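Chains as they are written, first to last, in my numbering: chain A, 572 to 806; chain B, 172 to 565. Below is one structure; the comments refer to it alone.
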Amino acid sequence: MSADLAVVGLGRMSYEEALQHQRAIAEARIRGDVTRDVLLLVEHPPVVTLGRAFDHEHLATPRAELAKRHIDVFEVERGGDVTFHGPGQLVGYPIFRLTEHKEDLHWFLRALEEALITTVASLGIEGVRNEGLTGVWTHGRKIASIGIHVKQWVTWHGFALNVATDLSYFDLIVPCGIDGVQMTSLAQELGERAPRDLWARALDSVVMGICDVFGFRPQAVTLDDLLAATQTGTD
Amino acid sequence: MITKVVMEALSPTMEEGRVITWHKHEGDAVSAGDIIAEVETDKAVMELQARGDGVLRKVVAGEGTTVEVGKLVAIIADADEDISGVAADGKPPSDVPTPAAATPAVPAPPTPEPAATTSRVKASPLARRMAQERNLDLQSIAGSGPGGRIVKRDLEGARPAAARAVAAGGYEDVPLNQMRKTIAKRLSQSIGPVPHFFLTTEVDMERAAEAREDLNTLGEQRISFNDIILRVIASALMRHRACNAWWMDDRIRYFGEVHMGMAVAVEDGLITPVIRNAHMKTLREIAVESRAMAERARERKLTPEEYTGATFSVSNLGMFGIDEFTAVINPPEAGIIAVGAVTEKAVMRDGELEVRRRMRLTMSCDHRVIDGATGAQFLQTVRTMLENPLAIVW
Chain A
572 MSADLAVVGL
582 GRMSYEEALQ
592 HQRAIAEARI
602 RGDVTRDVLL
612 LVEHPPVVTL
622 GRAFDHEHLA
632 TPRAELAKRH
642 IDVFEVERGG
652 DVTFHGPGQL
662 VGYPIFRLTE
672 HKEDLHWFLR
682 ALEEALITTV
692 ASLGIEGVRN
702 EGLTGVWTHG
712 RKIASIGIHV
722 KQWVTWHGFA
732 LNVATDLSYF
742 DLIVPCGIDG
752 VQMTSLAQEL
762 GERAPRDLWA
772 RALDSVVMGI
782 CDVFGFRPQA
792 VTLDDLLAAT
802 QTGTD
Chain B
172 MITKVVMEAL
182 SPTMEEGRVI
192 TWHKHEGDAV
202 SAGDIIAEVE
212 TDKAVMELQA
222 RGDGVLRKVV
232 AGEGTTVEVG
242 KLVAIIADAD
252 EDISGVAADG
262 KPPSDVPTPA
272 AATPAVPAPP
282 TPEPAATTSR
292 VKASPLARRM
302 AQERNLDLQS
312 IAGSGPGGRI
322 VKRDLEGARP
332 AAARAVAAGG
342 YEDVPLNQMR
352 KTIAKRLSQS
362 IGPVPHFFLT
372 TEVDMERAAE
382 AREDLNTLGE
392 QRISFNDIIL
402 RVIASALMRH
412 RACNAWWMDD
422 RIRYFGEVHM
432 GMAVAVEDGL
442 ITPVIRNAHM
452 KTLREIAVES
462 RAMAERARER
472 KLTPEEYTGA
482 TFSVSNLGMF
492 GIDEFTAVIN
502 PPEAGIIAVG
512 AVTEKAVMRD
522 GELEVRRRMR
532 LTMSCDHRVI
542 DGATGAQFLQ
552 TVRTMLENPL
562 AIVW
């Protein structure tokens with residue numbers, strides 16, 4: 572099986588705008604107007620998002636304080652607790668129709684982990700799962716987070732891989748609701764070994780990791796083309 | 172019409188899910204397809220759709236409640252319909268909200284750490300019940316669920332493990348995939364606590380074979396031996412309701428309908444799609460549906476409701492040349508029939524030696540539901556019907 576995956580680079584885009592695109596594309600994927608699975612890749616300005624399993628205690632900083640630092644807070648429909656997105660973090664939103672893969676949410680989460688483990692491995696970092704704590708870890712530190720939403724077996728939301736994230740932002744929250752969790756990034760783990768084009772390599776590796784695990788052929792698509800398809804059903 | 176809203180299996184490995192948001196409230200009108208709630212398993216949130224029209228009459232599982240797969244979460248019915256029967260029948264889920272935040276001390280070790288460090292043990296309602304039944308101390312069990320929460324699989328691991336066979340020569344370790352894990356769990360659950368017994372009979376298939384050949388000259392849809400066997404067993408179950416039942420720990424549920432599970436070998440395991448209301452379907456309908464189901468199973472396109480809810484199952488290894496075997500019961504079902512190959516054999520008939528096409532059936536029974544004589548009478552009916560296949564037409 573080798574289906575096409577439409578890979579869309581959004582560049583740096585606000586969380587809100589990206590969320591609107593996700594929802595529109597997911598709805599189009601459900602309707603069948605978008606005929607391929609889609610992977611959106613994006614970098615967000617600093618933002619804190621609260622998943623459905625959110626516990627108020629895990630937002631360790633008052634919202635007024637966050638507002639002062641120009642950090643927006645969003646409550647969203649994904650699974651999981653609180654997390655942070657910001658510059659240096661590669662966020663991926665797989666909008667996949669699971670009926671064409673496997674109607675199994677646990678499988679999907681494990682497959683995303685597998686793809687991210689493959690990704691970091693290709694950059695020289697040993698990523699592992701931490702049973703019961705969805706995400707990808709390296710030496711006890713968390714390097715990638717996952718939280719998804721599914722409607723009629725079409726997924727959206729997704730994963731966040733810390734490439735060169737300013738990790739101090741995570742001090743503002745209890746990431747993923749796990750007390751004492753230590754966040755890390757590719758840059759932090761690699762230290763001096765980090766290649767200069769780390770971001771570009773991370774982008775490539777993520778796309779290849781996803782394609783390996785899910786059996787896709789990647790195809791770069793522009794957002795405009797994809798959005799046109801969501802309206803006219805010409806994809 | 173009353174539509175029960177139950178916790179849907181969003182994954183074969185999902186044992187329970189948490190209701191996180193209700194989009195509709197008691198008294199709201201709902202139509203099939205409406206999003207009524209959101210359910211979370213692991214870090215995935217799925218929208219729960221109404222499968223019927225009416226009014227959301229009762230919300231059984233409030234927000235934050237963890238519910239076992241298949242258990243009632245709400246009732247949709249007409250505005251003035253009496254739902255007291257359903258409300259009483261659906262066992263309300265345990266009302267313990269999951270601690271919203273799992274908080275293990277250190278996230279480091281990949282192996283689950285014992286949850287005994289906290290005074291209050293985190294465990295799923297199902298795990299608590301299992302622990303109680305098996306007299307296991309939850310304090311001594313390591314939880315592998317989110318935040319060290321003890322879930323069902325941990326208790327299964329808590330049983331003394333059988334001595335592991337170590338291969339003297341070469342061996343290959345194949346990691347368990349999720350389906351394999353589910354199978355292992357189901358089956359060990361089965362071979363463990365289910366008291367099985369087995370009944371075998373040999374059936375003369377000569378007339379069934381002739382009937383099949385005749386039928387296949389008539390229509391475009393090929394009829395297989397398996398189709399005939401499924402059809403016959405469905406009819407026989409309607410005459411022996413005692414064998415068409417579920418063992419439900421505190422009760423036995425006898426069914427008035429036959430939902431026939433048929434085990435299908437797929438690339439990396441086994442799945443049992445269900446032919447609903449098999450007792451009401453014609454042989455041809457069963458032939459068409461079993462073909463389609465097997466195809467969909469191999470393509471992994473089955474939806475959860477297509478492989479759950481069987482009242483009885485049939486496993487056929489005849490096509491692999493297996494003459495006779497025993498199949499493992501798929502709980503909560505109480506029985507399964509293992510079908511061997513149809514082979515030519517020399518048999519004595521009216522004092523003469525004849526070559527006849529014969530087939531062996533072996534029924535595995537859960538002794539808590541089916542007694543020896545009950546099972547034997549049922550199997551006798553199956554044999555009689557197969558040996559007199561006109562019964563199919565009646």
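Note that beta-carbon positions come from the ideal geometry of N, C-alpha and C, so glycine has one too. Just so we're clear, the structure is a prediction, and the values are computed from it rather than from any experiment.
Membership of B/Gly-440 in the beta strand (DSSP E) is indicated by the continuous run 440 to 442.
Unbroken beta strand (DSSP E) runs of no fewer than 3 residues, entirely contained in the stretch 195 to 220 of chain B, are found at 206 to 212, 215 to 220, following chain order. Interface annotation, A/Glu-674: in contact with chain B, CB-CB separation under 8 Å. Scanning its chain for C-beta atoms nearer than 8 Å, with the 5 sequence neighbours on each side dropped, one finds around B/Asp-398 the residues Leu-454, Ile-457, Ala-458, Ser-461, in chain order. Boundaries of the alpha helix (DSSP H) around B/Ser-461: 454 to 469.
The beta carbons of B/Ile-404 and B/Ile-508 sit closer together than 8 Å. Against chain B, the beta carbon of A/Leu-680 has neighbours under 8 Å at Asp-213, Lys-214, Ala-215, listed in chain order.
When Cβ-Cβ separations below 8 Å define contact, A/Val-792 makes no contact with chain B. Around the beta carbon of B/Met-534, 16 or more other beta carbons lie within 10 angstroms, which makes this residue buried. Under the Cβ criterion of 8 Å, B/Ile-207 is not counted among the residues facing chain A.
In the three-state reduction of the DSSP assignment, A/Glu-671 falls in the helix class, which pools H, G and I. Considering only A/Val-647, A/Glu-628, A/Pro-617, the residue with the shortest C-alpha distance to A/Lys-639 is A/Pro-617.
Under a criterion of Cβ atoms nearer than 8 Å, no residue of chain A is adjacent to B/Ile-400; the nearest Cβ is some 29 Å distant. Under the Cβ criterion of 8 Å, A/Thr-705 is counted among the residues facing chain B. With its beta carbon at least 8 Å from every one in chain A, B/Thr-482 lies outside the interface. By the neighbour-count definition (other C-beta atoms within 10 Å, threshold 16), B/Val-526 is an exposed residue. It is roughly 13 Å from the alpha-carbon of A/Ala-631 to the alpha-carbon of A/Ile-642. By the criterion of a C-beta distance shorter than 7 Å, B/Lys-175 is surrounded in its chain by Leu-243, Ile-246, Val-257, Gly-261, once the five residues flanking it on both sides are discounted. By the rule that beta-carbons nearer than 8 Å mark a contact, A/Ala-731 does not touch chain B. Around the Cβ of A/Thr-620, a 10 Å sphere holds 16 or more other Cβ atoms; the residue is buried.
Scanning chain A for C-beta atoms nearer than 7 Å to the C-beta of B/Leu-181 yields Leu-676, reported in chain order.
In the DSSP assignment, A/Ala-735 falls outside any alpha helix (DSSP H), carrying neither H nor E. Around the C-beta of B/Asn-448, fewer than 16 other C-beta atoms lie within 10 Å, and the residue is accordingly described as exposed. According to the DSSP assignment, A/Asn-701 belongs to the beta strand (DSSP E) that extends over 699 to 701. For B/Cys-536, the enclosing beta strand (DSSP E) begins and ends at 523 to 537.
In this structure, the CA atom of B/Gly-390 is about 16 Å from the CA atom of B/Ala-380. B/Arg-471 has a beta carbon lying within less than 8 Å of a beta carbon in chain A.
Using a Cβ-Cβ cut-off of 8 Å, A/Thr-670 counts as an interface residue toward chain B, since at least one Cβ of chain B sits closer than that to its own. Here B/Lys-293 carries a coil assignment [DSSP, helix/strand/coil]. Chain A has no Cβ within less than 8 Å of the Cβ of B/Thr-236. Bridge pairing for B/Ser-484: B/Gly-432, B/Ile-507 [DSSP]. Among the CB atoms of chain A, one or more fall inside 8 Å of the CB of B/Glu-218. Judged by DSSP in its simplified three-state form, A/Val-619 adopts strand. When DSSP reads this structure, A/Gln-660 sits in a beta bridge with A/Asn-733. Contact residues of the stretch 617 to 629 of chain A toward chain B are Gly-622, Arg-623, Ala-624, Phe-625, Asp-626, Glu-628, His-629 (C-beta to C-beta distance below 8 Å). Contacts with chain B at 8 Å (Cβ-Cβ) do not include A/Val-725.
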